[in-house]
Amino acid sequence: MKDLFSEHSELYQQARPDYSAEIMQAILQHAPERHLAWDCGAGSGQLTKWLSPYFQSVLATDISAAQLAQAPPLKNVTCRTAGAEHSGLPDRSADLVTAAQAIHWFDFEAFYAEVRRVLKPDGCLAVIGYGLIEAQDPQLNQLIQALYFQTLKGYWDTERRYIDELYQTIPFPFLEQAVPSLSLQYRWSAQQLLNYFSTWSGLKHYVKQHRQSPLAPLETYFAAQPIALYAIQFPVLLRVGKLKPSSR
Numbered sequence: 002m003k004d005l006f007s008e009h010s011e012l013y014q015q016a017r018p019d020y021s022a023e024i025m026q027a028i029l030q031h032a033p034e035r036h037l038a039w040d041c042g043a044g045s046g047q048l049t050k051w052l053s054p055y056f057q058s059v060l061a062t063d064i065s066a067a068q069l070a071q072a073p074p075l076k077n078v079t080c081r082t083a084g085a086e087h088s089g090l091p092d093r094s095a096d097l098v099t100a101a102q103a104i105h106w107f108d109f110e111a112f113y114a115e116v117r118r119v120l121k122p123d124g125c126l127a128v129i130g131y132g133l134i135e136a137q138d139p140q141l142n143q144l145i146q147a148l149y150f151q152t153l154k155g156y157w158d159t160e161r162r163y164i165d166e167l168y169q170t171i172p173f174p175f176l177e178q179a180v181p182s183l184s185l186q187y188r189w190s191a192q193q194l195l196n197y198f199s200t201w202s203g204l205k206h207y208v209k210q211h212r213q214s215p216l217a218p219l220e221t222y223f224a225a226q227p228i229a230l231y232a233i234q235f236p237v238l239l240r241v242g243k244l245k246p247s248s249r
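Counted from 1, the sequence shown has number 168 at position 167 by the numbering used here; the numbering is strictly sequential.
Structure follows, in C-alpha cells:
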C-alpha cells in the first residue's frame with residue numbers, strides 16, 4: 002500500500018469532502034449488530050467520525066501515522082498504524098469493515114483475506130469513495146476537466162483508474178448488496194477548491210517534477226469572478242458485500 006498522503010496531512014484533513022448521513026444509512030441497514038467497526042485506510046478520520054455514534058467501539062487503521070494524528074479524538078475510537086492486511090483484530094470480531102477512498106491503494110487479495118478473517122458471519126464490508134468533482138458552472142467544470150484529464154495526464158498513479166471506473170472494476174468476492182445512487186453536494190469557496198485540488202496525488206507528482214503548481218488557470222478564473230461560493234458535487238462510489246457461505 003502506498004503512502005502518498007502523510008505529507009501535508011493537515012491540509013488533507015481540512016480540504017477533503019466529508020461523508021453523509023445518507024451514506025451511513027445505506028451501509029448500516031446491512032450491519033444488524035453494532036459492537037465493533039474497523040475503518041481501514043482511515044486517514045484523518047473522515048469516515049471514522051461517522052461510524053463512532055453507531056458502534057460501541059471503532060478501530061481506525063492507516064499506514065500513515067501523520068494522517069491518523071489529524072483524526073478527531075473520540076472516546077470509543079482506537080487509532081492504530083497498520084497496513085490493510087494487518088488489523089490486529091481477533092477472528093470473527095467485526096460487525097462492519099469499511100474502506101473509504103482507500104481500497105484502490107490496497108493489495109486486494111491480502112485485504113480481503115483479512116476481511117474474511119475478522120468479519121462476523123452476518124457482518125459486512127462497505128467500500129466507499131467519491132469520483133471526480135463536478136462543478137455546476139460550465140466554465141469552471143471545463144477547467145477542472147482540463148486539469149484532471151490533460152494537464153495531469155500521466156501523473157496519476159495507476160490505481161487511480163479504479164476511481165475513474167467508479168469502483169466497478171475492483172475485484173469484489175462478496176455477496177453484493179443493493180445500495181442507492183448517492184452524491185455529495187457542497188458550496189465551496191475558491192480557496193476551498195484550490196486546497197482540495199492541492200491534495201490530489203497526481204498534482205503532487207506534477208509539482209515534484211516541475212517545481213511549480215498547475216493551478217494557475219483556475220487561480221486566474223477565480224480572481225475574475227465575483228462568486229463567493231461555487232456549487233459542486235461528487236458522485237458517491239459505494240459497494241456493500243456480505244460473506245459468501247464458503248467464507249463463513
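For every residue, glycine included, the Cβ atom is placed at its ideal position computed from N, Cα and C.
Asked                                                                                                               : Found
Nearest neighbour of S21, chosen from Y168, L183, L244 and Q213 [CA to CA]                                          : L183
Beta-carbon proximity check, A136 vs S190, cutoff 8 Å                                                               : no
Sufficient close CB pairs (3 or more, under 8 Å) joining the segment 31 to 47 to the segment 61 to 73               : yes
Contact check, R240 vs E177, beta carbons under 8 Å                                                                 : yes
Alpha carbon of A111 to alpha carbon of Q192, nearest angstrom                                                      : 39 Å
Start-to-end residues for the beta strand (DSSP E) that takes in V180                                               : Taken as a continuous stretch (DSSP letters only), V180 belongs to no beta strand (DSSP E), as it is neither H nor E.
Collapsed DSSP secondary structure at R117 in the structure displayed                                               : helix
Neighbourhood of D138 by C-beta, 8 Å cutoff - its chain only, sequence neighbours within 5 removed                  : I228, Y231 and A232
Continuous beta strand (DSSP E) stretch holding W39: start and end                                                  : L37 to C41
6 Å CB neighbourhood of A103 in its chain, flanking five on each side removed                                       : G42
Sequence-distant residues of its chain with Cβ nearer than 6 Å to G203 (five each side left out)                    : L153, Y156 and W157
Cα-Cα separation between Q186 and Q234, rounded to whole angstroms                                                  : 4 Å
Sequence-distant residues of its chain with Cβ nearer than 7 Å to S214 (five each side left out)                    : V208
Alpha-carbon spacing of E8 relative to N196, whole angstroms                                                        : Note that E8 scores 45 on pLDDT, short of 50, meaning its location in the model is unreliable and no value can be drawn from it.
Residue span of the beta strand (DSSP E) that contains F235, given as start and end                                 : Y231 to K243
Minimum C-alpha distance to F198 - residue among L244, Q146, T170 and P246                                          : Q146
In chain order, each alpha helix (DSSP H) run of at least 4 residues that lies wholly inside the segment 197 to 234 : 202 to 211 and 217 to 224
Reduced DSSP secondary structure (H/G/I, E/B, other) of T170                                                        : coil
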